[in-house]
Amino acid sequence: MLIIFCIFSAIAALYIHDKGVKAQTLYWGSRGDDVYELQRKLKQWGYYTGPVDGYFGAKTHKAVVYFQRKNGLRVDGLVGRETRRALGMAVATNYAASRGISNRDDLYLLAQLITGEARGEPYLGQVAVGAVVLNRVEHPSFPKTIAGVIFQPGAFTAVSDGQMFRPPTSTAIRAAADALNGWDPTWGALYYYNPARTTNRWIWSRPVHLVIGKHRFAR
Amino acid sequence: MNRRWIIPLIVGLALVITGIWGIDQYRQKRAYQIYMQNQYQRMFYDLLGHVENIQVDLSKVLVSGSPEHNNNLFSNISRQSFSAQEKLNQLPISHVALNKTSKFLAQVADYSSSMTKKNTPLNSDQMETVAGLHNSAAKLTEELRGLFDMITDGTIKMGELRREGGFQLARAPERNLDGEFSKIHEKMADYPTLIYDGPFSDHLLEPKPRELKGESITFDRAKEIAKRFIGPEDIREIRRGSDSSGFIKTYGLEIIPEGNRRSPIYVSITKTGGHVAWMLNTRGIGESKLSMEEMRQKAEAFLKEKGYVNMMPTYSMVSGDTGVVNFAYTQDGVIIYPDLLKVKVALDNGEVVGFEAQKFLMSHHDRDIRKPRLTEEEARRFISNQFNVSKGRLALIPLEDRTEVLTYEFKSRYQEDEFLIYINADTGDQEMILKIIKDKTGTLTM
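Residue numbers (our numbering), protein chains in the order written: chain A, 1 to 219; chain B, 220 to 665.
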């Protein structure tokens, strides 16, 4: 998901499955996948003997009427909501047009983290911290969402000590937006650390991609 | 009244109040601790349950002969592993101790979901992979069960949160969750290398750039390139910034414009070929005056001037006082979405304040594009008639596994919502659906 997000990142992309939008009333003359499914089901249960050809013809109509009579449904030869449900087919959902989601919440969260972690660092260092979060989302060793990465226990000092729960600075918001838009000064770094502060030997062993301000960025 | 009693009385009262307050605080702290412990316990228990199910389902795949049945099993496994990974990453364990386990779970999830798309019985390679994964899952189950016993009998306490944050990890792991997970980590090291076509396959984790054209350049040459790229700006100083040695090696430059010492322009230039990888101008931006259309024209003119040819603006988005315009490369009239450039325009005067070509540099090359087997009309028939389909054009799109596929892109409408539907130009398979979202803060237009 995120790889595609990067590539089409200006369109806040959202997958939808076309299952939900397909369901509709079938009647004499209908064609398509739904009719195939209908005929297959009717045939399976012995209501229908004709060909499974995706065309709602006389034989299909007869089978539907037979099915409805047998199952106490309204006998109208139409495959609507009730009949669909009885047949175990997808039922049309009331489709409400959605104004969509935006990445605004992610932007704010990322900006909060940047504020907490890299206030006082050069602008580029702030973009780099944002990029590290996004690189982690794309890596299997880390959670798959921005919130998951940020709130992973012990991952960021600013989260552990509550520093990040303040309104983000305007610079950090800018930096977060640049990172979300694809600017990554670190070229894929997954970690950063302040060499004056950390004693962790493991992190020192990681290959360093670049140094900005007080932070070393590593993969 | 006798005044001598007043002070001891006040002190006494204060002591009692403090005492009550202290007990209350202590109770609260205990309550939070127990709450946390319960949360972590539940997560751990869930984790164990998921891993057990993964192991069982993987073993079923090994003995099942029917592709349909396998499909079900694989979709179960992917769901379970996804949840397991999520739970694992919420436990208070350092990343170092769990990153291999986490990676294992994410890869199992992804591998399984890629297998659900296959409708053929497993071949011998796939069987071997599944067997390998099953063995690792079995080992992991065993370890987690052992851990669970230690948690239930109180040998390990999970409520004891690690004090150090960040990467300051426990020095000598004793009997704590972290230490125990470090041991699992070592055992997870030898699970099979996964080569399959999902986004987390091992061979995809280190993206390799296409061969960059050109010779190695010196820093002085990079300076000239940067100067030319920035344009006629009065430059006070060019400083050496941070070189990067990630997927592509670059020189980092910091350009200080005249009279504006505090907001440098950052430029990153590849050491091979001297291509501009990205640029960011951090100047303050005044009141927005440009329209969307003007913004796009400025961006387009900029690219043309810098010598990027065959770039087509695809999407643009305004956020705050800047806008970003996306450009995709076109070859023989086909839009090549993997080759993407981004231009950021300041909305006060139309100056270009950002440029990003990192993905472009990683993926751009001359492609051999065959004639598609289907015509646009034939491809259109594969779209559900519920959609109001308006526009079709050929586009090369990247899939999750970073391969590229030639498709017809159809702009379609369903009631008030707009979608882009990508139909494989050879097989008619629906490769992807994207929803176009226009929101209040960033207007997304074509």
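We put the CB at the ideal spot given by N, CA and C, even for glycine.
Predicted model only: the values in this text are computed from it and were never measured.
Check: Check distances from the C-beta atoms of the stretch 325-339 of chain B to those of chain A and list, in chain order, the residues that come in under 8 Å.; Outcome: Ala325, Gln326, Asp329
Check: Can you give, in chain order, each stretch of the alpha helix (DSSP H) that sits fully within the stretch 500-538 of chain B and has at least 4 residues?; Outcome: 511-524
Check: Name, going along the chain, the residues of the stretch 485-504 of chain B whose beta-carbon falls closer than 8 Å to a beta-carbon of chain A.; Outcome: Tyr485, Ser487, Trp497, Leu499, Thr501
Check: Using a Cβ-Cβ distance under 9 Å, would threonine 186/A count as near chain B?; Outcome: yes
Check: Nearest to proline 195/A by alpha carbon, out of Ala189/A, Ile212/A, Asp184/A?; Outcome: Ile212/A
Check: Taking C-alpha atoms, which residue in Lys508/B, Thr622/B, Lys654/B lies nearest to glutamine 632/B?; Outcome: Before going on, a small fix: residue 632/B reads as arginine here, not glutamine. If we check each option's Cα against that of arginine 632/B, Lys654/B comes out closest.
Check: In chain B, which residues lie with their C-beta within 8 Å of the C-beta of asparagine 71/A?; Outcome: What asparagine 71/A touches in chain B: nothing, since even the nearest Cβ is about 27 Å away.
Check: Could you compute how far the alpha carbon of valine 149/A sits from the alpha carbon of glutamine 304/B?; Outcome: 12 Å
Check: Examine chain A for any beta-carbon lying closer than 9 Å to the beta-carbon of phenylalanine 466/B, and answer yes or no.; Outcome: yes
Check: Beta carbons nearer than 7 Å to chain B: which residues of the stretch 112-124 of chain A have them?; Outcome: Tyr123, Leu124
Check: Establish whether the CB of glutamate 443/B and some CB of chain A are separated by less than 9 Å.; Outcome: no
Check: Any contact between the stretch 176-190 of chain A and the stretch 123-130 of chain A? By contact I mean 3 or more CB pairs, one from each, below 8 Å.; Outcome: yes
Check: Kindly indicate which three-state DSSP category methionine 498/B falls into: helix, strand or coil?; Outcome: strand
Check: Can at least three beta-carbon pairs, one atom from the stretch 589-606 of chain B and one from the stretch 563-579 of chain B, be found at a separation below 8 Å?; Outcome: no
Check: To test your reading of the DSSP string, which unbroken beta strand (DSSP E) runs of 3 or more residues are found completely within the stretch 592-623 of chain B?; Outcome: 607-617
Check: If you draw a straight line from the alpha carbon of isoleucine 273/B to that of phenylalanine 400/B, how long is it in whole angstroms?; Outcome: 19 Å
Check: Going along chain B, which residues have a C-beta under 7 Å from isoleucine 220/A?; Outcome: With chain A covering 1 to 219 only, the question about residue 220/A has no answer from this structure.
Check: Anything in chain A within Cβ reach of leucine 310/B, meaning under 9 Å, just list it in chain order.; Outcome: Pro153
Check: Please report whether the beta-carbon of glycine 526/B lies at a distance below 9 Å from any beta-carbon of chain A.; Outcome: no
Check: Residues in its own chain within less than 6 Å of methionine 334/B by CB, not counting five upstream and five downstream?; Outcome: Phe293
Check: Determine the chain B residues that contact leucine 78/A at a beta-carbon separation under 8 Å, and present them in chain order.; Outcome: Within chain B, no residue comes near leucine 78/A; the closest Cβ sits about 18 Å away, beyond 8 Å.
Check: Verify whether the separation of the beta carbon atoms of leucine 359/B and valine 270/B is less than 9 Å.; Outcome: yes
Check: Hey, out of Ile488/B, Ala496/B, Asp585/B, whose CA is closest to asparagine 529/B's CA?; Outcome: Asp585/B
Check: Taking a Cβ distance cut-off of 8 Å, strictly less, list which residues of the stretch 341-352 of chain B are near chain A, in chain order.; Outcome: none
Check: Would you say the beta carbon of leucine 341/B is closer than 8 Å to some non-hydrogen atom of the ligand SAH?; Outcome: In the structure on display, the ligand SAH does not appear, and there are no ligands present to speak of.
Check: Between leucine 413/B and glutamine 309/B, what straight-line distance do the alpha-carbon atoms span, to the nearest angstrom?; Outcome: 25 Å
Check: Report the neighbours of phenylalanine 165/A on chain B: residues whose CB is nearer than 9 Å to its CB, in chain order.; Outcome: Those within 9 Å of phenylalanine 165/A in chain B number zero; the least Cβ separation is about 14 Å.
Check: In angstroms with no decimal places, state the Cα-to-Cα distance between leucine 580/B and serine 285/B.; Outcome: 44 Å
Check: For phenylalanine 386/B, does the three-state DSSP call read helix, strand or coil?; Outcome: The predicted position of phenylalanine 386/B is uncertain, since its pLDDT is 39 and thus under 50; a value taken from the coordinates is nonetheless stated next. Here phenylalanine 386/B sits in coil by DSSP.
Check: Listed in chain order, which residues of the stretch 274-290 of chain B have Cβ atoms closer than 9 Å to some Cβ of chain A?; Outcome: none
Check: Could you tell me whether any Cβ in chain B is nearer than 9 Å to the Cβ of arginine 219/A?; Outcome: yes
Check: Does the stretch 55-68 of chain A come close enough to the stretch 23-37 of chain A to have 3 or more Cβ pairs within less than 8 Å?; Outcome: yes
Check: Strictly below 9 Å CB to CB, what residues from chain B border valine 196/A?; Outcome: According to the sequence shown, residue 196/A is alanine rather than valine. In chain order: nothing, as chain B lies at least about 12 Å away.
Check: So, aspartate 421/B versus glutamine 326/B, is the Cβ gap smaller than 9 Å?; Outcome: yes
Check: Locate the alpha helix (DSSP H) running through isoleucine 655/B, then write down its first and last residues.; Outcome: Premise fails: isoleucine 655/B lies in the beta strand (DSSP E), 649-655, not in any alpha helix (DSSP H).
Check: Cutting at 6 Å between CB atoms, please list the residues of its own chain near alanine 644/B, excluding the five before and the five after it.; Outcome: Pro591, Leu593, Leu625, Thr626, Tyr627
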